[in-house]
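**Q** Numbering (UniProt numbering), first residue to last: 1 to 84.
Quick reminder that beta carbons are idealized off the backbone N, C-alpha and C, glycines included.
Predicted model, so just to flag it, every value in this text is computed and none were measured.
Provided herewith is a single structure, encoded as structure tokens, for subsequent inquiry.
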């Protein structure tokens, strides 16, 4: 069985996880989506899948678009330092 079958978001409106923008009302929507993620037993698997499959939009694994971009930048910097 795939992790998505056990995900807490399975029965939620998918629109919740894809706010328009990242200011104003979208901030509340992002926090509501993250609250669903925090109670999900598959949060880590979800985040890993989003990172590996290049999901740029939406809240995945408890992280917003901006947070995942920052995570990717940090990982790239760490890889660059390790190879230098």
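CA-CA distance, residue 2 and residue 46?
**A** Locating residue 2 in the chain shown gives position 2, counting from the first residue. Locating residue 46 in the chain shown gives position 46, counting from the first residue. Their Cα atoms are separated by approximately 11 Å.
**Q** Please state if the CB of residue 61 and the CB of residue 17 are separated by a distance shorter than 7 Å.
**A** Indexing the chain shown from 1 puts residue 17 at position 17. Indexing the chain shown from 1 puts residue 61 at position 61. Contact flag unset, no.
**Q** Rounded to whole angstroms, what is the Cα-Cα separation between residue 63 and residue 9?
**A** The count along the chain shown starts at 1 and reaches residue 63 at position 63. The count along the chain shown starts at 1 and reaches residue 9 at position 9. Near 14 Å, if we compare the C-alpha coordinates of residue 9 and residue 63.
**Q** Is it buried or exposed for residue 20, if we count other Cβ within 10 angstroms and need 16 for buried?
**A** Along the chain shown, read from residue 1 onward, the residue named residue 20 stands at position 20. That one is exposed.
**Q** Buried or exposed for residue 82, please, with buried defined as at least 16 other CB atoms from any protein chain shown within 10 angstroms of its CB.
**A** Position 82 of the chain shown, counted from the first residue, corresponds to residue 82. Label assigned to residue 82: exposed.
**Q** Nearest by alpha-carbon distance to residue 51: which of 76, 39, 41, 7 is it?
**A** The residue labelled residue 51 in the question sits at position 51 within the chain shown. Ranking 76, 39, 41, 7 by Cα distance to residue 51 puts 76 first.
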